[in-house]
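**Q**
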Amino acid sequence: MSRYDAGASGGRGWVDAGSLAGQSSPAGQSSPAGQSSAVGQSSAVGKSCAVGKSGVRGQAGVGIPSGVGGASRGESRSVVHSVRRQGTEEDVWGSVFDRRNIISFLTASTMVIPITLVGTFRLGEILILLLFPFYIRSMMQAMRNREVSLLMMGGILWFVSQVLSDLVNGTPSSKYIRGWGNIGLTMMNFLFYCGLYRDRYRSHIGTIIGMAFGGAFGAFYLYFFGDKSQVNPEQLWDFYVSAWAYPCFGFLAYAAFGKFPWLVIGAGVVYGVVGNIYGGRSDGLIAMSSTLVFCYLWYSLLSGQKDLRYLFRNGAVLAGLLMIPLFLLYVHYAQSGVLGKTAKVQIDLAKNPYNPIEVLLLARNESVIAIDAIAEKPLLGHGSWANPTHLRKLYLLKMREFYGAKAPKTLVHDVLPVHSVLLGAWVFSGLVGFLYWIFVISRTLVLTDRILRFGSVAMVAIAVVYLPFFSWHVMFSPHSFARFVWPAAMAFLAFASADRSRLVQASRVV
Numbered sequence: 004m005s006r007y008d009a010g011a012s013g014g015r016g017w018v019d020a021g022s023l024a025g026q027s028s029p030a031g032q033s034s035p036a037g038q039s040s041a042v043g044q045s046s047a048v049g050k051s052c053a054v055g056k057s058g059v060r061g062q063a064g065v066g067i068p069s070g071v072g073g074a075s076r077g078e079s080r081s082v083v084h085s086v087r088r089q090g091t092e093e094d095v096w097g098s099v100f101d102r103r104n105i106i107s108f109l110t111a112s113t114m115v116i117p118i119t120l121v122g123t124f125r126l127g128e129i130l131i132l133l134l135f136p137f138y139i140r141s142m143m144q145a146m147r148n149r150e151v152s153l154l155m156m157g158g159i160l161w162f163v164s165q166v167l168s169d170l171v172n173g174t175p176s177s178k179y180i181r182g183w184g185n186i187g188l189t190m191m192n193f194l195f196y197c198g199l200y201r202d203r204y205r206s207h208i209g210t211i212i213g214m215a216f217g218g219a220f221g222a223f224y225l226y227f228f229g230d231k232s233q234v235n236p237e238q239l240w241d242f243y244v245s246a247w248a249y250p251c252f253g254f255l256a257y258a259a260f261g262k263f264p265w266l267v268i269g270a271g272v273v274y275g276v277v278g279n280i281y282g283g284r285s286d287g288l289i290a291m292s293s294t295l296v297f298c299y300l301w302y303s304l305l306s307g308q309k310d311l312r313y314l315f316r317n318g319a320v321l322a323g324l325l326m327i328p329l330f331l332l333y334v335h336y337a338q339s340g341v342l343g344k345t346a347k348v349q350i351d352l353a354k355n356p357y358n359p360i361e362v363l364l365l366a367r368n369e370s371v372i373a374i375d376a377i378a379e380k381p382l383l384g385h386g387s388w389a390n391p392t393h394l395r396k397l398y399l400l401k402m403r404e405f406y407g408a409k410a411p412k413t414l415v416h417d418v419l420p421v422h423s424v425l426l427g428a429w430v431f432s433g434l435v436g437f438l439y440w441i442f443v444i445s446r447t448l449v450l451t452d453r454i455l456r457f458g459s460v461a462m463v464a465i466a467v468v469y470l471p472f473f474s475w476h477v478m479f480s481p482h483s484f485a486r487f488v489w490p491a492a493m494a495f496l497a498f499a500s501a502d503r504s505r506l507v508q509a510s511r512v513v
């Protein structure tokens with residue numbers, strides 16, 4: 004038995020009542036794993052849960068903080084371990100092969116396949132459009148969720164702001180159709196996954212697996228049939244690995260952190276190191292951030308911490324502090340050339356290579372042109388797919404200041420290369436778009452904190468993997484992230500956190 008399980012059985016930290024994929028038995032009936040869902044009903048091993056005078060009927064997989072509900076202190080630790088281990092194994096693999104995951108798997112795995120119709124869609128979006136009529140009722144019911152309704156209303160305001168920006172800027176129809184379509188498809192995808200997850204957010208496991216399969220297929224196609232002239236040999240990780248490896252890391256955290264936290268932490272460290280060596284510096288940074296939070300989470304559970312209310316805050320602060328020596332190591336190895344030519348050039352060009360802001364701007368130099376564009380039209384932005392000639396020239400001039408003779412001579416993009424969901428929303432649709440994505444980030448923090456406090460270990464693992472992933476890509480990735488990846492993950496956070504909060508509140512009433 005691991006010390007992690009012993010900590011749970013002693014009523015410390017979380018008391019895990021299953022995992023993400025479990026379905027609780029009705030009150031008064033024992034579950035297949037031998038656990039009773041109602042107090043006074045013995046399990047197959049002859050032990051009963053001591054939650055109160057009556058059980059709470061709902062979905063299993065809930066880790067209730069101690070004080071709300073917990074294992075009896077007189078209960079044998081070995082019994083708790085055997086039941087918890089058996090239930091976790093059945094639930095994890097049961098969720099993987101559950102046929103109800105088919106829709107989420109298919110839509111996620113086909114998001115990498117482009118389809119040209121009126122514009123450029125992804126096959127996954129075509130499937131969502133075809134399935135949309137069958138989920139209308141479920142989507143309308145999903146709108147009763149407070150988080151969903153707020154995010155949808157904010158998305159409508161974002162769309163209206165884009166329309167006003169295009170009207171004021173006189174955007175050509177060929178561009179504003181693309182801009183409106185981007186926002187419309189983003190919110191359509193989000194609403195669809197809300198309808199899909201309303202009754203069974205555990206289907207998100209199918210989405211994670213589908214993302215891994217889709218990423219692997221995209222890498223395979225690019226390697227054997229794609230245009231390799233677009234592949235930067237210094238960033239092989241980003242082109243061939245990242246799209247499938249990070250979903251695999253998320254699934255490993257979900258499946259293994261409850262019983263083998265050291266395996267998840269070790270995998271995160273390896274992921275971060277190898278990713279940096281092969282050009283996936285941002286991907287490695289994201290994985291390392293999650294790993295540091297996992298370390299603090301494991302420590303908190305082992306030390307018997309009862310109040311996990313501030314776990315997210317403390318874990319984030321600790322991760323930030325530990326990033327300082329890690330950044331110093333990054334600078335050292337980048338200067339020595341271990342991390343590749345691109346990393347070495349960026350560090351060598353920095354006036355102060357130990358200034359993380361300067362290094363970040365050199366790596367994400369598109370932010371420079373975004374800031375100039377925002378300063379020019381801060382209220383309504385430049386309109387859909389804006390690509391002003393004077394801003395393109397200004398961008399190339401600043402790149403020459405940064406990189407000298409190594410700077411690009413021309414821009415092949417047909418849109419300003421802002422490379423940021425957050426700043427891009429401001430550049431193209433104005434201040435409202437920027438404020439909407441600030442709201443998205445804030446709600447991501449709130450929902451993640453809620454899951455950390457009330458969720459099962461499996462759910463917490465997914466939330467810890469998603470938080471730095473969301474934060475980085477909203478700030479430093481193009482809009483394709485918001486359209487193809489964000490909707491499913493945000494819908495999961497909305498419904499998973501709501502379900503856990505309701506169950507905890509019900510247990511308090513009981």
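Residues 4 to 513 (my numbering) are what the sequence shown spells out, left to right.
Each residue gets a CB set at the ideal place from its N, CA and C atoms; glycine is no exception.
These figures come from a predicted structure and were not determined experimentally.
Excluding the 5 residues flanking residue 397 on each side, which residues of the same chain have their C-beta closer than 8 Å to its C-beta?
**A** Taking the first residue of the sequence shown as 1, we reach residue 397 at position 394. Within the same chain, residue 397 has close Cβ partners 372 and 375.
**Q** Would you identify the three-state DSSP class for residue 260, choosing helix, strand or coil?
**A** Here residue 260 is taken as the residue at index 257 of the sequence shown, counted from 1. Here residue 260 sits in coil by DSSP.
**Q** Can the beta-carbon of residue 471 be found closer than 7 Å to that of residue 245?
**A** Against the sequence shown, residue 471 aligns to sequence position 468. Against the sequence shown, residue 245 aligns to sequence position 242. No, Cβ-Cβ distance for residue 471 and residue 245 is not below 7 Å.
**Q** Determine, using beta carbons only, whether residue 430 and residue 424 come nearer to each other than 7 Å.
**A** Numbered from its first residue, the sequence shown carries residue 430 at position 427. Numbered from its first residue, the sequence shown carries residue 424 at position 421. No, Cβ-Cβ distance for residue 430 and residue 424 is not below 7 Å.
**Q** Taking buried to mean at least 16 other C-beta atoms within 10 Å of its own C-beta, is residue 380 buried or exposed?
**A** Mapped onto the sequence shown, residue 380 falls at position 377. Flag for residue 380 reads buried.
**Q** Can you tell me where the alpha helix (DSSP H) holding residue 377 begins and where it ends?
**A** Indexing the sequence shown from 1 puts residue 377 at position 374. Start and end: 369-379.
**Q** Here's the rule I'm using: 16 or more other beta-carbon atoms within 10 Å means buried, otherwise exposed. How should residue 165 be labelled?
**A** By 1-based counting over the sequence shown, the position of residue 165 is 162. By the 10 Å Cβ count, residue 165 comes out buried.
**Q** What separation, rounded to the nearest whole angstrom, lies between the Cα atoms of residue 118 and residue 140?
**A** By one-based count along the sequence shown, residue 118 stands at place 115. By one-based count along the sequence shown, residue 140 stands at place 137. Roughly 28 Å separates the two Cα atoms.
**Q** Distance, Cα to Cα, residue 240 vs residue 277?
**A** Numbered from its first residue, the sequence shown carries residue 240 at position 237. Numbered from its first residue, the sequence shown carries residue 277 at position 274. Looking at the two C-alpha atoms, the distance is approximately 9 Å.
**Q** By alpha-carbon positions, which one of 325, 357, 321 and 326 ends up nearest to residue 335?
**A** The residue you call residue 335 lines up with position 332 of the sequence shown. Closest by alpha carbon: 357.
**Q** Any contact between the stretch 377-393 and the stretch 431-449? By contact I mean 3 or more CB pairs, one from each, below 8 Å.
**A** Contact holds: three or more Cβ-Cβ distances are below 8 Å.
**Q** Going by C-alpha to C-alpha distance, which of 485, 494, 501 and 475 sits closest to residue 284?
**A** Translated into positions along the sequence shown, residue 284 becomes position 281. Ranking 485, 494, 501 and 475 by Cα distance to residue 284 puts 475 first.
**Q** Which same chain residues, not among the five before or five after residue 259, have their C-beta less than 7 Å away from its C-beta?
**A** If you number the sequence shown from 1, residue 259 lands on position 256. Around residue 259: 266 and 267.
**Q** With DSSP run on the structure shown, which of helix, strand or coil describes residue 136?
**A** Counted from its first residue, the sequence shown places residue 136 at position 133. Three-state DSSP puts residue 136 in a helix.
**Q** Report the three-state DSSP secondary structure of residue 193 (helix, strand or coil).
**A** By 1-based counting over the sequence shown, the position of residue 193 is 190. The answer is helix: DSSP assigns residue 193 an H, G or I state.
**Q** Is it right to say residue 426 is buried, meaning 16 or more other beta carbons lie within 10 angstroms of its own, or is it exposed?
**A** On the sequence shown, position 423 is the one that residue 426 refers to. Counting Cβ neighbours within 10 Å, residue 426 comes out buried, since at least 16 surround it.
**Q** Quick check: the Cα distance between residue 170 and residue 178, rounded to an integer number of angstroms?
**A** Reading the sequence shown from its first residue, position 167 is the one you call residue 170. Reading the sequence shown from its first residue, position 175 is the one you call residue 178. If I take the Cα positions, the gap works out to 12 Å.
**Q** Among the candidates 344, 210 and 254, whose CA atom is the shortest distance from the CA of residue 281?
**A** Taking the first residue of the sequence shown as position 1, residue 281 is located at position 278. Checking every option, the nearest Cα to that of residue 281 belongs to 344.
**Q** Taking DSSP as the reference, what is the three-state secondary structure of residue 117?
**A** Counted from its first residue, the sequence shown places residue 117 at position 114. Here residue 117 sits in strand by DSSP.
**Q** From the DSSP secondary-structure annotation, give me the bridge partner or partners of residue 125.
**A** As a working note, residue 125 is residue 122 in the sequence shown. Paired residues: 117.
**Q** Give me the residue from 262, 249, 254 and 264 with the minimum Cα distance to residue 275.
**A** The residue labelled residue 275 in the question sits at position 272 within the sequence shown. The shortest C-alpha separation from residue 275 is found at 249.
**Q** To the nearest angstrom, how far is it from the Cα of residue 255 to the Cα of residue 291?
**A** Numbered from its first residue, the sequence shown carries residue 255 at position 252. Numbered from its first residue, the sequence shown carries residue 291 at position 288. Taking the straight line joining both Cα atoms gives about 15 Å.
**Q** I need the boundaries of the alpha helix (DSSP H) containing residue 349, first residue and last residue.
**A** Locating residue 349 in the sequence shown gives position 346, where the first residue counts as 1. Element bounds for residue 349: 344-352.
**Q** Nearest-angstrom Cα distance between residue 497 and residue 338?
**A** As a position in the sequence shown, residue 497 is number 494, starting the count at 1. As a position in the sequence shown, residue 338 is number 335, starting the count at 1. If you take the alpha carbons of residue 497 and residue 338, they lie about 43 Å apart.
**Q** Please report how far the alpha carbon of residue 500 lies from the alpha carbon of residue 451, in whole angstroms.
**A** Reading the sequence shown from its first residue, position 497 is the one you call residue 500. Reading the sequence shown from its first residue, position 448 is the one you call residue 451. Looking at the two C-alpha atoms, the distance is approximately 8 Å.
**Q** What residue ranges within the stretch 268-331 form continuous alpha helix (DSSP H) runs of no fewer than 4 residues, ordered along the chain?
**A** Listed in chain order, they are 284-305.
**Q** From 161, 289, 191 and 273, pick the residue whose C-alpha is nearest to that of residue 480; which is it?
**A** Here the question's residue 480 lines up with position 477 in the sequence shown. Ranking the options by Cα distance to residue 480, first place goes to 289.
**Q** I need the straight-line Cα distance from residue 436 to residue 189, nearest angstrom please.
**A** Here residue 436 corresponds to residue number 433 of the sequence shown, with the count starting at 1. Here residue 189 corresponds to residue number 186 of the sequence shown, with the count starting at 1. Each residue's alpha carbon lies about 13 Å from the other.
**Q** Would you call residue 493 buried or exposed, if buried means 16 or more other Cβ atoms sit within 10 Å of its Cβ?
**A** Here residue 493 refers to the residue found at position 490 when the sequence shown is read from its first residue. By the neighbour-count rule (16 or more Cβ atoms within 10 Å), residue 493 is buried.
**Q** Answer yes or no: do residue 127 and residue 142 have a C-beta to C-beta separation smaller than 7 Å?
**A** Counted from its first residue, the sequence shown places residue 127 at position 124. Counted from its first residue, the sequence shown places residue 142 at position 139. In this structure, residue 142 does not lie closer than 7 Å to residue 127 by Cβ.
**Q** DSSP three-state call for residue 401: helix, strand or coil?
**A** Here residue 401 refers to the residue found at position 398 of the sequence shown. The answer is helix: DSSP assigns residue 401 an H, G or I state.
**Q** Please state whether DSSP places residue 477 in a helix, a strand or coil.
**A** Residue 477 sits at position 474 when you count from the first residue of the sequence shown. It is helical.
**Q** Identify, in the order they occur along the chain, each residue of the same chain with its Cβ nearer than 7 Å to the Cβ of residue 199, setting aside the five sequence neighbours on each side.
**A** Reading the sequence shown from its first residue, position 196 is the one you call residue 199. Within the same chain, residue 199 has close Cβ partners 106, 107, 138 and 206.
**Q** With distances taken Cα to Cα, identify the nearest neighbour of residue 104 among 304, 196 and 272.
**A** As a first step, residue 104 must be located in the sequence shown, where it is residue number 101. Among 304, 196 and 272, the Cα nearest to that of residue 104 belongs to 196.
**Q** Which complete alpha helix (DSSP H) runs does the stretch 188-249 hold, if anything under 4 residues is left out?
**A** Fully enclosed alpha helix (DSSP H) runs of 4 or longer: 207-227 and 239-243.
**Q** Report yes if the C-beta distance between residue 465 and residue 257 is below 7 Å; otherwise report no.
**A** The residue you call residue 465 lines up with position 462 of the sequence shown. The residue you call residue 257 lines up with position 254 of the sequence shown. Cβ atoms of residue 465 and residue 257: closer than 7 Å.
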